[in-house]
Amino acid sequence: MTDSPQTEPGKLRRTLGPVMLWGLGVGYVISGEYFGWNLGLPLGGTWGMLVATIIITVMYVAFTLSYAELACAMPKAGGVFVYAQRALGSFWGFQAGLVQVVEFVFAPPAIAMAIGAYVGMRLEVDPRVVGIGAFLIFTGLNIWGVKQAAMFELVVTVLAVAELLIFIGVAAPSFELANFNHNPLPNGWGGVFACLPFAIWFYLAIEGVANVAEEARDPQRTVARGFGSAILTLVVLALAVFFTSTGVAGWEAIVYEKPGAEPSDAPLPLALAKVVGKEHFLYTLLLGVGLLGLIASFHGIILAAGRATMEMGRSGFLPRSLGQINPTTQTPAIALLANMTIGIVAILSGRTGEIITLAAFGAVTLYVISMWSLFVLRKKEPDMERPFRAVCYPVFPSLALLIAAVSLVAMSWYNPLIAGIFAGILILGTAYFFMTQRGNDSIR
Numbered sequence: 009m010t011d012s013p014q015t016e017p018g019k020l021r022r023t024l025g026p027v028m029l030w031g032l033g034v035g036y037v038i039s040g041e042y043f044g045w046n047l048g049l050p051l052g053g054t055w056g057m058l059v060a061t062i063i064i065t066v067m068y069v070a071f072t073l074s075y076a077e078l079a080c081a082m083p084k085a086g087g088v089f090v091y092a093q094r095a096l097g098s099f100w101g102f103q104a105g106l107v108q109v110v111e112f113v114f115a116p117p118a119i120a121m122a123i124g125a126y127v128g129m130r131l132e133v134d135p136r137v138v139g140i141g142a143f144l145i146f147t148g149l150n151i152w153g154v155k156q157a158a159m160f161e162l163v164v165t166v167l168a169v170a171e172l173l174i175f176i177g178v179a180a181p182s183f184e185l186a187n188f189n190h191n192p193l194p195n196g197w198g199g200v201f202a203c204l205p206f207a208i209w210f211y212l213a214i215e216g217v218a219n220v221a222e223e224a225r226d227p228q229r230t231v232a233r234g235f236g237s238a239i240l241t242l243v244v245l246a247l248a249v250f251f252t253s254t255g256v257a258g259w260e261a262i263v264y265e266k267p268g269a270e271p272s273d274a275p276l277p278l279a280l281a282k283v284v285g286k287e288h289f290l291y292t293l294l295l296g297v298g299l300l301g302l303i304a305s306f307h308g309i310i311l312a313a314g315r316a317t318m319e320m321g322r323s324g325f326l327p328r329s330l331g332q333i334n335p336t337t338q339t340p341a342i343a344l345l346a347n348m349t350i351g352i353v354a355i356l357s358g359r360t361g362e363i364i365t366l367a368a369f370g371a372v373t374l375y376v377i378s379m380w381s382l383f384v385l386r387k388k389e390p391d392m393e394r395p396f397r398a399v400c401y402p403v404f405p406s407l408a409l410l411i412a413a414v415s416l417v418a419m420s421w422y423n424p425l426i427a428g429i430f431a432g433i434l435i436l437g438t439a440y441f442f443m444t445q446r447g448n449d450s451i452r
């Protein structure tokens, strides 16, 4: 069944096909290949980060091939919020929506800071000013229209993937096992657990495909294809980038621009400079096209975050003004502007690693709740129409749930301050929920 070109007031417009969903899925995540993951290397070294990455890769493959069942059965903009509310009731639906908002709202400012770092490698400019400017531009693009936003996302994603392939091709001949094995476990095997949030950054936000399911043509088919093709692309790119960049000159070379410097948000240019030098055209190309990779994720997650916040407002779990759809563009303009405001405040903090970790807390909690919801719905609604069924059920959903739960505990142990901030957000959210939903019989 194909939606007519005319869209009902208050509804999102169905314009996205499988290629655009692939572009969104890869685009949401691809900045994780360009930066962020390298911040785990001082904690775990190459061996610790590799083990963490393998564990998290298994989790994401299992999760994606399970989560697609929920996304195809209930193609709504709220994603996990919708699934958990149906499976577990209003309270857990609210918690799922809240942690999704935490993930999607705090990932963009971390990426914006990396955009500023890339620009700062060529121009004398405050990275925070660049990041804030990026927020203003791409929030405006998302307000303009989803089709325009998705087409832009597809173009920059294709360019970003091509640039990663060029980087891999140029850096791979310079790979040396001795460089990869240099100081491989600076903090022992315990560093594996400390690396987990940065390994998660390789794939964080892939689940955002589900948040545009309401705007997909024939979502029961196209969403599953989008998820599957996106995760396959990302696994190949993540592992290839990890090995080629760390094998050029050791992990320290892609974390610190010079001894004693602050950790860098631009590891791939640092690696490429060791291979071809800063004056080579390939180095300039990486800065230019690599910037598009960061923009792809930044812009894509802004798109998904707007839908996540909108659905919470539309359902009355956040102020209803956030759920309003712009009558001209059929986009969640107020939700997008609210998310931008929080993002700009985060940019001003200047703490990329901590923001990444906070986003990762939201992500792994989302994965736990969503897999729990999948199991409950299989028992509670066995006759629900499921155009796509979880692969290797119940093994894959159980594996995703287990790894996500262990990751949540490990991240809390190694990041107690961020865990406390995350818990504080959940406590305040819970208080808001009970104050605004008092007397609602559906709370459980």
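Residue 79 in the working numbering sits at position 71 of the sequence shown, with consecutive numbering throughout. Note that the Cβ used here is the ideal one computed from N, Cα and C, for glycine as well. Predicted model only: the values in this text are computed from it and were never measured.
Measure the beta-carbon distance from residue i to residue j and round it to whole angstroms, keeping in mind my assumption that it falls under 8 Å.
i	j	result
Leu-374	Ala-104	7 Å
Val-200	Gly-52	6 Å
Ile-208	Ile-352	Incorrect: roughly 24 Å between the Cβ atoms, too far for contact.
Val-283	Ala-179	6 Å
Ile-174	Ala-248	Going by Cβ atoms, the distance from Ile-174 to Ala-248 rounds to 12 Å, so no, they are not a contact pair.
Val-372	Leu-416	5 Å
Ala-501	Gly-87	With the chain covering only 9 through 452, there is no way to say anything about residue 501.
Phe-369	Phe-441	Rounded, the Cβ-Cβ distance is 19 Å, inconsistent with contact.
Leu-345	Val-376	Not quite, the Cβ-Cβ distance comes to about 30 Å (not below 8 Å), so this is no contact.
Gly-234	Gly-33	5 Å
Please work out which residues of its chain come closer than 8 Å, Cβ to Cβ, to residue i, disregarding the five sequence neighbours upstream and downstream, and give them in chain order.
i	result
Gln-156	Leu-149
Val-231	Leu-29, Ala-76, Ala-79, Cys-80, Pro-83, Val-217, Ala-218, Ala-221, Ala-224, Phe-396
Glu-171	Leu-293, Leu-294, Val-297, Gly-298, Leu-300, Gly-301
Leu-144	Met-348
Pro-327	Gly-321
Phe-306	Ser-39, Pro-116, Ile-119, Ala-120, Ile-123, Ala-142, Phe-146
Starting from residue i, trace the alpha helix (DSSP H) both ways and give me its first and last residue.
i	result
Ile-333	Segment: none, Ile-333 is in no alpha helix (DSSP H) and carries neither H nor E.
Val-263	Taken as a continuous stretch (DSSP letters only), Val-263 belongs to no alpha helix (DSSP H), as it is neither H nor E.
Leu-55	The displayed chain sequence assigns Trp, not Leu, to residue 55. 49-81 is the span of the alpha helix (DSSP H), which, as asked, contains Trp-55.
Arg-315	289-322
Ala-95	88-96
Leu-326	Neither: Leu-326 is in no alpha helix (DSSP H) and is coded neither H nor E.
Met-443	424-444
Phe-383	360-388
Met-28	26-37
Met-348	341-357
Trp-259	Counting along the chain, Trp-259 falls outside any alpha helix (DSSP H), and DSSP gives it neither H nor E.
Val-133	It is not in any alpha helix (DSSP H) - Val-133 carries neither H nor E in the DSSP assignment.
Lys-282	275-284
Val-200	199-208
Asn-187	185-188
Apart from the five residues just before and just after residue i, which ones in its own chain have a Cβ nearer than 7 Å to its Cβ?
i	result
Tyr-91	Leu-78, Met-82, Ser-378, Ser-381
Glu-184	Gly-255
Met-318	Ala-85, Leu-330, Gly-331, Pro-340, Ala-343
Phe-404	Ala-70, Leu-73, Ser-74, Ala-398
Glu-393	Ala-81
Can you name, in chain order, every residue of its own chain whose Cβ lies under 6 Å from the Cβ of residue i, other than the five neighbours on each side?
i	result
Gly-44	Trp-209, Ile-364
Gly-48	Met-57, Cys-203, Phe-206
Val-37	Tyr-211, Ala-213, Ile-214, Leu-242
Gly-128	Pro-135
Val-7	Residue 7 is absent from the structure shown; the chain starts at 9 and stops at 452.
Ala-168	Ile-38, Leu-300, Gly-301, Ala-304
Alpha carbon to alpha carbon, how far is residue j from residue i? Give it in angstroms, no decimals.
i	j	result
Ala-455	Val-166	Past the edges of the chain, shown from 9 to 452, lies residue 455, and the structure says nothing about it.
Leu-330	Gly-216	19 Å
Trp-30	Ala-398	19 Å
Thr-444	Ser-39	37 Å
Ala-313	Ala-186	42 Å
Ala-118	Ile-309	11 Å
Ile-151	Thr-337	7 Å
Glu-111	His-190	34 Å
Ala-85	Ala-418	31 Å
Thr-360	Ala-274	12 Å
Pro-424	Leu-436	18 Å
Ser-272	Ala-281	14 Å
Ala-70	Pro-267	40 Å
Ala-125	Ala-95	43 Å
Thr-54	Met-320	40 Å
Phe-430	His-288	44 Å
Val-59	Gly-198	11 Å
Ser-74	Ala-367	21 Å
Gly-1	Leu-106	The question about residue 1 has no answer here: the residues shown for the chain are numbered 9 through 452.
Ser-98	Val-133	46 Å
Thr-10	Gly-25	The pLDDT assigned to Thr-10 is 41, lower than 50, so where the model puts this residue is not dependable, and the model offers no usable value.
Glu-265	Tyr-401	46 Å
Trp-421	Gly-153	42 Å
Val-27	Asp-226	13 Å
Leu-276	Arg-386	44 Å
Val-138	Ile-350	16 Å
*Any chance you could list the alpha helix (DSSP H) runs of at least 4 consecutive residues sitting entirely within the region 144-181, in chain order?*
Fully enclosed alpha helix (DSSP H) runs of 4 or longer: 154-179.
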